[in-house]
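Q: Sharing a structure here in structure tokens format.
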Amino acid sequence: MRIINLIQNSPGIKATELAKICEVSERSIYRDLIDLSEAGIPVTSNEGRGNGYTFASNFAMYPLDWTQEEAMAFSLLPGVAKHSLIQTNPHFQTAYEKVMAAYNKEQRNQQQNISKLVDLIQFGKPQNKVETSNQFLLPIAKTMVKNQTLKVKYETKSRDEINERFIDPYYLIPRESKFYILAYCHKREDFRTFRLSRFLKVEETNRIFTKKQLDLQKYFQNTWSIIKGDKEIHFKVRFNKNVARYVMEKEIFATPKLTEYDDGSLLFEITLNHDEEFLKWVRQYGPDAEIIEPVEYRIMMQKELRKWAEMYK
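Numbering-wise, the sequence shown is residues 234 to 546 according to the numbering used here.
Structure below.
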């Protein structure tokens, strides 16, 4: 993308210049240019005649994919150039206004699209609350796009407490009719998952954050749904043919091993770092699911079933 931007901004730029700006070798630049051409980007070379790289026809990438940090840096340009020759150029101010107007228009369009999308999302509400979670979905989604830090008041069920904290929202994750926010928590100095319905207050701040590298698949490795633990439990569960196809459709972060048998049943093997959510899922299949291993969970299920049988005598 940077090579495309550089060629678009400086038609005729040479490979040596591209290599210097991108801090790579010329060989890397040539490889990247070949990849761009194969991807359909009409890069043409006139380096043999002393000219450099340009785009064929009227190709252009617009709008440029500005980050929030880049937009903020550009907005400071008039102040930085206040006492320079740039400021005395009569065309500088009008050019600056046009660029910022285009960027702000793009931002407004983006916000409107997010608002329309959020309006299409409907879900229930906890019975102990008057408001639904929808009231916070829109401001959170908007700040995700803008890389904007949020100040939130959050109810932590495990410790039965309410606290305020600053979070940098990264991902919105739907799970079983509930929404979760994966965010960097300034208080914990680490990533945490927050359930949307437990937010009591959400406020935008004027802080813009730079996203850290986060491999979502790796972060949720060996996690069944949302709850992350520190265990390593290898489950083996046999599902009969009545439910096998539904089990195979289950969307999860972890990767199970599936063994299909001639009678249509399915052996489901998976290693997880927490047991709670997985056991809830297995229980919904009743007698169509049998825990084979670990043995202690099989014994635990036997005890549960005895209690149920006593209750319904």
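Ideal placement from N, C-alpha and C gives every residue a C-beta, glycine not left out.
Is it buried or exposed, A248, if we count other Cβ atoms within 10 angstroms and call 16 or more buried?
A: The residue you call residue 248 lines up with position 15 of the sequence shown. A248 should be labelled buried.
Q: Residues bridged to E424 by DSSP?
A: By one-based count along the sequence shown, residue 424 stands at place 191. According to the sequence shown, residue 424 is Phe rather than Glu. Bridge partners of F424: Y417.
Q: Just reading off the alpha helix (DSSP H) that T249 is part of, what are its end residues?
A: Start at 1 with the first residue of the sequence shown, and residue 249 comes out as number 16. 248 to 255 is the extent of the alpha helix (DSSP H) around T249.
Q: Pick from P407, I373, A477: whose alpha carbon is nearest that of I485?
A: Along the sequence shown, one-based indexing puts residue 485 at 252. Selected option, being the one with the closest Cα: P407.
Q: What distance in whole Å lies between the Cβ atoms of V515 and M522, which are believed to be in contact at a cut-off of 8 Å?
A: Stepping through the sequence shown from its first residue, residue 522 is reached at position 289. Stepping through the sequence shown from its first residue, residue 515 is reached at position 282. Residue 522 is actually Ala in this sequence, not Met. Yes, A522 and V515 are in contact; Cβ-Cβ is about 5 Å, under 8 Å.
Q: My understanding is that R471 touches S498, with C-beta atoms under 8 Å, so please give their C-beta distance in whole angstroms.
A: Within the sequence shown, numbered from 1, the residue matching residue 471 stands at position 238. Within the sequence shown, numbered from 1, the residue matching residue 498 stands at position 265. Going by Cβ atoms, the distance from R471 to S498 rounds to 6 Å, so yes, they are a contact pair.
Q: So the candidates are G462, N238, E526; which of them puts its Cα closest to the Cα of A292?
A: Taking the sequence shown and counting its residues from 1, the one referred to as residue 292 is at position 59. Checking the sequence shown, residue 292 turns out to be Phe, not Ala. Cα-wise, what sits closest to F292 is N238.
Q: Quick check on Y263: does DSSP put it in helix, strand or coil?
A: Position 30 of the sequence shown, counted from the first residue, corresponds to residue 263. In this structure, Y263 counts as helix in the three-state DSSP scheme.
Q: Counting contacts by CB-CB distance shorter than 8 Å, is E537 in contact with chain B?
A: The question asks about chain B, but that chain is absent: this structure has only one protein chain.
Q: Let me know the secondary structure DSSP gives N475 once reduced to three states.
A: For the purposes of this step, residue 475 is identified with residue 242 of the sequence shown, where counting begins at 1. N475 falls in the coil class under three-state DSSP.
Q: Report the option in K375, Y336, Q368 whose CA atom is closest to the CA atom of N346.
A: Along the sequence shown, read from residue 1 onward, the residue named residue 346 stands at position 113. Of K375, Y336, Q368, the residue nearest in Cα terms is K375.
Q: Name the residue from F432, N473, T492 whose alpha carbon lies nearest to the alpha carbon of G519.
A: By one-based count along the sequence shown, residue 519 stands at place 286. Considering only alpha carbons, the answer is N473.
Q: Is the beta carbon of I459 sitting closer than 8 Å to the one on L505?
A: Translated into positions along the sequence shown, residue 459 becomes position 226. Translated into positions along the sequence shown, residue 505 becomes position 272. No; because the gap between Cβ atoms is not below 8 Å, this pair is not in contact.
Q: Can you tell me which of the three DSSP states N396 falls into?
A: In the sequence shown, residue 396 corresponds to position 163, counting from 1. In this structure, N396 counts as strand in the three-state DSSP scheme.
Q: Is DSSP giving Q381 helix, strand or coil here?
A: As a working note, residue 381 is residue 148 in the sequence shown. Of the three classes helix, strand and coil, the one that applies to Q381 here is strand, per DSSP.
Q: With a CB to CB cut of under 7 Å and the five nearest residues on each side skipped, what residues in its chain are close to D463?
A: As a first step, residue 463 must be located in the sequence shown, where it is residue number 230. These residues qualify, in order along the chain: N506.
Q: Suppose you measure from the CA of L512 to the CA of F501; what does that come to, to the nearest Å?
A: In the sequence shown, residue 512 corresponds to position 279, counting from 1. In the sequence shown, residue 501 corresponds to position 268, counting from 1. Taking the straight line from one Cα to the other gives about 13 Å.
Q: Here's the rule: buried if 16 or more other CB atoms are within 10 angstroms of the residue's CB, otherwise exposed. What is G245?
A: If you number the sequence shown from 1, residue 245 lands on position 12. So G245 ends up on the exposed side.
Q: Closest to K469 by CA distance: which of I503, T456, V480, M377 is it?
A: As a working mapping, residue 469 is identified with position 236 in the sequence shown. Looking at the Cα atoms, I503 is the closest of the given residues.
Q: Whole angstroms are fine: how far does the CA of A487 sit from the CA of A252?
A: Translated into positions along the sequence shown, residue 252 becomes position 19. Translated into positions along the sequence shown, residue 487 becomes position 254. Approximately 41 Å, taken between the alpha carbons.
Q: So E484 is in the alpha helix (DSSP H); what residue range does that whole segment cover?
A: Your numbering for residue 484 matches position 251 in the sequence shown. Where E484 is concerned, there is no enclosing alpha helix (DSSP H), given that its DSSP letter is neither H nor E.
Q: Closest to Y494 by CA distance: which of N475, E437, E339, S308 is it?
A: Counting from 1 along the sequence shown, the entry for residue 494 is found at position 261. It is N475.
Q: Compute the distance between the beta-carbons of F330 and L383, then report whether it is under 8 Å.
A: For the purposes of this step, residue 330 is identified with residue 97 of the sequence shown, where counting begins at 1. For the purposes of this step, residue 383 is identified with residue 150 of the sequence shown, where counting begins at 1. Rather than Phe, the amino acid found at residue 330 in this sequence is Glu. No.
Q: Let me confirm a value: S258 is counted as buried when at least 16 other C-beta atoms fall within 10 Å, else exposed. Which label applies?
A: For the purposes of this step, residue 258 is taken as residue 25 along the sequence shown, with counting starting at 1. Flag for S258 reads exposed.
Q: Within 10 angstroms of the Cβ of I532, are there 16 or more other Cβ atoms? Answer buried if so, exposed if not.
A: Indexing the sequence shown from 1 puts residue 532 at position 299. I532 comes out exposed.
Q: Could you pull out every unbroken alpha helix (DSSP H) segment of at least 4 residues lying fully inside the segment 433 to 473, listed in chain order?
A: Listed in chain order, they are 449 to 452.
Q: Looking at the unbroken alpha helix (DSSP H) that takes in Y494, where does it start and where does it end?
A: Here residue 494 refers to the residue found at position 261 when the sequence shown is read from its first residue. Here Y494 belongs to no alpha helix (DSSP H), and DSSP marks it neither H nor E.
Q: Where does T327 fall in DSSP's three states?
A: What you label residue 327 is simply residue 94 of the sequence shown in a count that begins at 1. Reduced to three states, the DSSP call for T327 is helix.
Q: Taking all protein chains shown into account, do 16 or more other C-beta atoms lie within 10 angstroms of the C-beta of L179, making it buried, or fewer, making it exposed?
A: Limits of the chain in this structure are 234 at one end and 546 at the other, which puts residue 179 out of reach.
Q: Leaving out the 5 sequence neighbours to the left and right, which residues in its chain are closer than 6 Å to F399 when beta-carbon positions are compared?
A: On the sequence shown, residue 399 is found 166 positions in, with the first residue counted as 1. Closer than 6 Å at the Cβ level, and outside the excluded window around F399, lie T382, K384, H419.
Q: Could you give the C-beta distance for I395 and L433, rounded to a whole number, given that I count them as a contact under 8 Å?
A: Looking up residue 395 in the sequence shown gives position 162. Looking up residue 433 in the sequence shown gives position 200. Contact holds; Cβ gap of about 7 Å.
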